[in-house]
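Have a look at the structure below before the remarks.
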Amino acid sequence: MDAAALVPCTMQVNGDARTCAITPATTLLEALRYTLGLTGSKQGCDKGDCGACTVLVDGVPTLSCLTLALACDGRAVTTVEGLADKGVPHPLQDAFDRTGGAQCGFCTPGMLMSAYALLQREAAPTRDEISHALSGNLCRCTGYTKILDAVELAAAELRERAK
Amino acid sequence: MLTLPAFAWSRPQSVEDALAVLAAHPGECLIVAGGTDAVPNLKHRLHEPRRLVHLGGIGELRGIRAGDAGLEVGALVTLTELASHPHVREHFPGVVTAAAHVASPQIRNMGTVGGNLCLDTRCTYYNQTFFWREALGFCLKKDGTRCHVVPQGKRCVAAHSSDVAPVWIALGAEVEIASRDADGAVSRRSIPVEAFFVGDGVHNNVLAPGELVTRVLVPGAAYGLRTSYRKLRPRAAIDFPMLSVAVAVRGDAARIEELRVVVSALGAKPRTLGGLDAIVAGRAHDAALAEAVGAVAHKQCHPLSNVPYDTDWRHDMVPVFVKRALADALGVPA
């Protein structure tokens with residue numbers, strides 16, 4: 001398909017089939033923010049350094065600023081908007097609030113998605129495992145400590161709920 | 164906000180289809196897999212292709228297979244998959260360490276073995292926005308005529324920055340390349356990973372336009388080698404190497420039979436140290452031996468100011484990292 005043509009791209013976004021018309025030179029982040037109106041994922045460095053644009057593609061943490069939207073045609077994308085359940089914050093979101101893990105908040109959507117993917121595969125991660133899982137998400141406010149506290153708190157809450 | 168330039172799009176479903184697309188649009192295509200290197204470079208206008216050929220739909224390029232002939236790693240295997248594969252973890256810890264040290268978790272989830280081999284070379288004066296490069300009058304590697312690293316230099320010295328390639332070289336691995344002749348017949352050839360790279364920072368591998376990396380093949384003879392990888396970088400969380408060292412040893416700390424040391428992130432091509440057998444063959448690992456190997460590395464390796472860190476310091480770190488990597492491979496304290 002040629003460079004200027006708008007082509008349809010259908011993704012399962014937060015559980016809903018969403019179709020957008022985009023050019024091939026559209027990143028997943030641009031499709032989410034500017035075509036589908038999902039502005040939770042943040043446009044930070046826009047070149048893969050900061051992690052603020054992290055979303056899950058088929059459950060795997062992915063930098064949406066470096067992902068071409070057409071490469072996600074037919075795939076499942078989860079953004080920070082997909083974490084809350086009918087308006088009730090996810091335990092991770094609640095924990096970030098309670099520990100002060102979000103200050104300016106710009107890195108938070110990416111932090112939440114990396115942390116969410118970690119807790120999906122590991123119910124009781126160690127502090128080192130959390131730190132490692134979040135190592136691709138930069139924060140310039142918190143010094144990270146409160147973010148790590150938040151993930152530990154959310155993990156404990158989720159384990160409690162699973163009992 | 165960094166936008167992409169306009170490009171047409173192809174998403175072939177087989178190697179044959181991909182080669183046909185490349186042949187139909189000669190000189191116009193950029194091959195993309197994970198996109199972690201190509202996409203930022205496109206945003207910086209370092210590549211200006213008319214068409215992107217996305218490999219994500221080619222199932223045959225996925226998967227890791229261990230057989231009698233050795234290990235086959237598909238070009239689309241992600242670095243996360245490589246670093247977590249049980250067979251690779253058991254036999255090739257150096258590969259695991261190198262793959263696990265690439266950038267960040269998200270980039271390892273996206274970045275592929277083939278893309279990591281074909282990673283564009285990097286330089287302080289190249290990996291910048293168009294605006295930045297234009298202000299300096301561009302450089303040899305892209306759009307300009309002079310090198311800002313070696314001002315009188317005629318050859319680009321941008322740094323080879325793949326983490327895994329030095330370990331593949333130390334293991335004697337081969338890379339399989341698919342190509343298509345004028346009649347449309349598809350053929351595949353394998354060459355040593357070491358021979359894949361050339362000392363030209365503008366295009367530091369032998370891949371011709373229209374060719375595709377399909378697999379990495381680790382020979383059966385590589386089983387039993389003890390491998391390790393050490394990387395010097397500014398931040399442990401995410402950074403390209405400013406010095407990287409891969410080691411493969413046959414034997415053990417009590418008696419080293421054979422030693423291969425590959426040092427990279429200095430110039431356009433990884434450097435395999437020469438003359439090591441005379442120092443190590445048949446000897447036990449001790450402080451004197453490590454010093455001797457480190458001294459060879461210091462003499463043969465010459466960092467340039469192609470990455471933004473002190474050149475003399477990087478040079479001094481070469482023997483330090485070689486000694487540490489050797490100790491890692493042998494499982495002894497550095």
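Chains as they are written, first to last, in our numbering: chain A, 1 to 163; chain B, 164 to 497.
Backbone N, C-alpha and C fix where the C-beta goes; we use that ideal spot for every residue, glycine too.
If you draw a 10 Å sphere on the C-beta of GLN176 (chain B), you find fewer than 16 other C-beta atoms in it, and that means exposed. Inter-segment contact for the segment 145-153 of chain A and the segment 173-193 of chain B is absent: fewer than three beta-carbon pairs are separated by less than 8 Å. Taking the Cα of GLU211 (chain B) as reference, the smallest distance to any Cα among B:ARG225, B:LEU239, B:ASP306, B:SER173 is reached at B:ASP306. When DSSP reads this structure, VAL77 (chain A) sits in a beta bridge with A:VAL13, A:VAL57. Interface residue (Cβ-Cβ distance to chain A less than 8 Å): GLY219 (chain B) is classified as such. Here ILE270 (chain B) has THR199 as same chain residues with Cβ atoms under 7 Å from its own Cβ, once five neighbours each way along the sequence are excluded. Contact annotation for PHE170 (chain B) against chain A: ALA3, PRO24, ALA25 [CB-CB distance below 7 Å, chain order].
For ALA71 (chain A), the neighbours in chain B by C-beta distance under 7 Å run, in chain order, HIS217, GLY219. For LEU182 (chain B), the enclosing alpha helix (DSSP H) has its first and last residue at 178-187. By the 16-neighbour rule on beta-carbons within 10 angstroms, HIS323 (chain B) is buried.
Straight-line spacing of the CA atoms in ALA17 (chain A) and GLU81 (chain A) works out to 15 Å. By the CB criterion at 8 Å, SER41 (chain A) and CYS50 (chain A) fall outside the cutoff. Listed by position along chain A, the residues whose Cβ is nearer than 8 Å to that of MET273 (chain B) are THR62, LEU63, LEU66, THR67. Straight-line spacing of the CA atoms in LEU239 (chain B) and LEU218 (chain B) works out to 8 Å. Beta bridge pairing from DSSP links HIS461 (chain B) with no other residue. Just measuring C-alpha positions, the residue of A:ARG75, A:ASP97, A:LEU68, A:THR62 sitting nearest LEU118 (chain A) is A:THR62. In the three-state reduction of the DSSP assignment, ASN368 (chain B) falls in the strand class.
Contact annotation: the segment 356-363 of chain B does not touch the segment 191-208 of chain B, with fewer than three C-beta pairs closer than 8 Å.
Interface residue (Cβ-Cβ distance to chain A less than 8 Å): SER267 (chain B) is classified as such. The Cβ neighbour count for SER350 (chain B), taken over all protein chains shown within 10 Å, is under 16; the residue is labelled exposed. ALA181 (chain B) and GLY143 (chain A) have their C-alpha atoms some 46 Å from each other. By the CB criterion at 8 Å, ARG413 (chain B) and LEU388 (chain B) fall inside the cutoff. The alpha-carbon of THR39 (chain A) is positioned some 29 Å away from that of VAL216 (chain B).
When secondary structure is reduced to three states using DSSP, PRO125 (chain A) falls in the coil class, being assigned neither helix nor strand. A residue is called buried when at least 16 other Cβ atoms come within 10 angstroms of its Cβ; VAL265 (chain B) meets this threshold and is buried. The Cβ atoms of VAL481 (chain B) and HIS461 (chain B) sit closer than 8 Å to each other. Apart from the 5 residues on each side of it in sequence, GLY15 (chain A) has no Cβ closer than 6 Å to any other Cβ in its chain. Taking the beta carbon of THR54 (chain A) as reference, the chain B residues within 7 Å of it are GLN269, listed in sequence order. Contact between THR79 (chain A) and LEU148 (chain A) fails: their C-beta atoms lie close to 23 Å from each other, not under 8 Å. Here ALA123 (chain A) is not near ARG161 (chain A), since their CB atoms are 8 Å or more apart. For LYS394 (chain B), no Cβ of chain A is located within less than 8 Å of the residue's own Cβ. Between the alpha carbons of PHE106 (chain A) and SER135 (chain A) lies a distance of about 16 Å.
Just so you know, the alpha carbons of LEU28 (chain A) and ALA453 (chain B) end up roughly 49 Å apart. With a threshold of 8 Å between beta carbons, ALA133 (chain A) makes contact with chain B. With a contact defined as Cβ atoms closer than 8 Å, LYS304 (chain B) and CYS319 (chain B) qualify at about 5 Å. In this structure, ASP326 (chain B) places its C-beta atom within 8 Å of the C-beta atom of ALA261 (chain B).
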